[in-house]
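Everything on this sheet refers to the single structure shown next.
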Amino acid sequence: GAVVSQHPSRVICKSGTSVKIECRSLDFQATTMFWYRQFPKKSLMLMATSNEGSKATYEQGVEKDKFLINHASLTLSTLTVTSAHPEDSSFYICSARDLATSGVTGELFFGEGSRLTVL
Amino acid sequence: AQTVTQSQPEMSVQEAETVTLSCTYDTSESNYYLFWYKQPPSRQMILVIRQEAYKQQNATENRFSVNFQKAAKSFSLKISDSQLGDTAMYFCAFTFVDMRFGAGTRLTVKP
């Protein structure tokens, strides 16, 4: 199956700093990528939909100025948590839709996730 | 907006037995996809099974099968011959444009 790589898998930062998380589709083109946030023992909550070459669409309640999403190419989307605070600590997961197959399967391919800890 | 409901926060089953996880959803769309994902402690999302809404036949993948009732908007997962490695969080998911998840069911397979 298609592979999505997410980096870093773990990051610790100080309060007030910014952190960038990368999501790459390794063997397919992804016009659309999705970013999710997952709290411990909870479900995946959709944060935003990222479309290549255009502005991301954020879910209600997600601060677009805090969670900057860029999708500059068909294989890379980035999530930058700006001025991070302890409440931003969470597990962030990206997923991507394979342009070639998604119309048939509807499937998304998931990265390994990134655990952010803000001290 | 689409919503997905999993009403069983936790379930347990004896090894080699069968267990069914429930899922209901709400949508006004007619063509969509439904999925069950497994999330082990590593937190990597693993696709278990997929169902296209336009297909009446229930999907099966080895020990995993679904009972898809489109009119009732129900999509349950049956795991047969449960194995210790099936212990994980299971999420039901709905896709039309984006993918939305239920709250999850934590399944424990006991030896």
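Line by line, the protein sequences give chains A and B. Residue numbering for the first sequence follows the numbering used here, beginning at 1 and increasing consecutively. Residue numbering for the second sequence follows the numbering used here, beginning at 1001 and increasing consecutively. Don't be surprised by glycine CBs; every beta carbon is placed ideally from N, CA and C. Just so you know, these numbers come straight off a predicted model, no measurement behind them.
Quick check on DSSP: helix, strand or coil for residue i?
{"i": "Leu119 of chain A", "result": "coil"}
{"i": "Leu1084 of chain B", "result": "helix"}
{"i": "Asp88 of chain A", "result": "helix"}
{"i": "Asp65 of chain A", "result": "coil"}
{"i": "Asn1058 of chain B", "result": "coil"}
{"i": "Leu44 of chain A", "result": "strand"}
{"i": "Lys1038 of chain B", "result": "strand"}
{"i": "Ser18 of chain A", "result": "coil"}
{"i": "Cys23 of chain A", "result": "strand"}
{"i": "Val943 of chain B", "result": "With chain B covering only 1001 through 1111, there is no way to say anything about residue 943 of chain B."}
{"i": "Met1011 of chain B", "result": "strand"}
{"i": "Met1045 of chain B", "result": "coil"}
{"i": "Ala28 of chain A", "result": "The identity of residue 28 of chain A in the sequence shown is Phe, whereas the question assumes Ala. Residue state, collapsed to three classes: coil."}
{"i": "Ser54 of chain A", "result": "coil"}
Using a 10 Å radius around the Cβ and a threshold of 16 neighbouring Cβ atoms, would you call residue i buried or exposed?
{"i": "Cys1090 of chain B", "result": "Note that residue 1090 of chain B is Tyr in the sequence shown here, rather than Cys. Buried is the call here."}
{"i": "Val1109 of chain B", "result": "buried"}
{"i": "Asp88 of chain A", "result": "buried"}
{"i": "Ala1016 of chain B", "result": "exposed"}
{"i": "Ile93 of chain A", "result": "buried"}
{"i": "Lys1038 of chain B", "result": "buried"}
{"i": "His71 of chain A", "result": "buried"}
{"i": "Gly61 of chain A", "result": "exposed"}
Among the residues of its own chain, which have a CB less than 6 Å from the CB of residue i, if the five just before and after it don't count?
{"i": "Leu26 of chain A", "result": "Val3 and Ser5"}
{"i": "Lys64 of chain A", "result": "Tyr58"}
{"i": "Arg150 of chain A", "result": "Because chain A here runs from 1 to 119, residue 150 of chain A falls outside it and cannot be looked at."}
{"i": "Ala56 of chain A", "result": "Ala48, Ser50 and Ile69"}
{"i": "Thr117 of chain A", "result": "Ile12 and Ser89"}
{"i": "Glu1029 of chain B", "result": "Phe1096"}
Determine, using beta carbons only, whether residue i and residue j come nearer to each other than 7 Å.
{"i": "Ile69 of chain A", "j": "Ala48 of chain A", "result": "yes"}
{"i": "Ala1059 of chain B", "j": "Ile1049 of chain B", "result": "yes"}
{"i": "Val1013 of chain B", "j": "Cys1092 of chain B", "result": "no"}
{"i": "Pro1040 of chain B", "j": "Ala1103 of chain B", "result": "no"}
{"i": "Thr1024 of chain B", "j": "Lys1078 of chain B", "result": "no"}
{"i": "Thr1105 of chain B", "j": "Gln1006 of chain B", "result": "yes"}
{"i": "Ser77 of chain A", "j": "Ser50 of chain A", "result": "yes"}
{"i": "Arg24 of chain A", "j": "Thr80 of chain A", "result": "no"}
{"i": "Ser99 of chain A", "j": "Gln29 of chain A", "result": "In the sequence as presented, Ser is not what sits at residue 99 of chain A; that position holds Leu. Yes."}
{"i": "Ser1080 of chain B", "j": "Thr1018 of chain B", "result": "yes"}
{"i": "Leu1034 of chain B", "j": "Phe1075 of chain B", "result": "yes"}
{"i": "Glu112 of chain A", "j": "Gln1044 of chain B", "result": "yes"}
{"i": "Phe1068 of chain B", "j": "Gln1051 of chain B", "result": "yes"}
{"i": "Thr1098 of chain B", "j": "Leu46 of chain A", "result": "The sequence shown places Asp at residue 1098 of chain B, not Thr. Yes, they are a contact pair."}
{"i": "Leu119 of chain A", "j": "Lys14 of chain A", "result": "yes"}
Which residues in the same chain as residue i place their Cβ atom closer than 7 Å to its Cβ, once the five residues preceding and following it in sequence are excluded?
{"i": "Leu108 of chain A", "result": "Phe34, Ser95, Ala96 and Arg97"}
{"i": "Met1011 of chain B", "result": "Val1019, Leu1021, Thr1105 and Leu1107"}
{"i": "Asp1026 of chain B", "result": "Gln1002, Thr1003 and Lys1073"}
{"i": "Leu1084 of chain B", "result": "Glu1015, Val1109 and Pro1111"}
{"i": "Gln1008 of chain B", "result": "Leu1021, Ser1022 and Thr1105"}
Keeping to the same chain, check which residues put their C-beta closer than 8 Å to that of residue i; ignore five residues upstream and five downstream.
{"i": "Gly16 of chain A", "result": "Ser83, Ala84 and His85"}
Counting only beta-carbon separations shorter than 7 Å, does residue i have a partner in chain E?
{"i": "Gly61 of chain A", "result": "The question asks about chain E, but that chain is absent: this structure's protein chains are A and B."}
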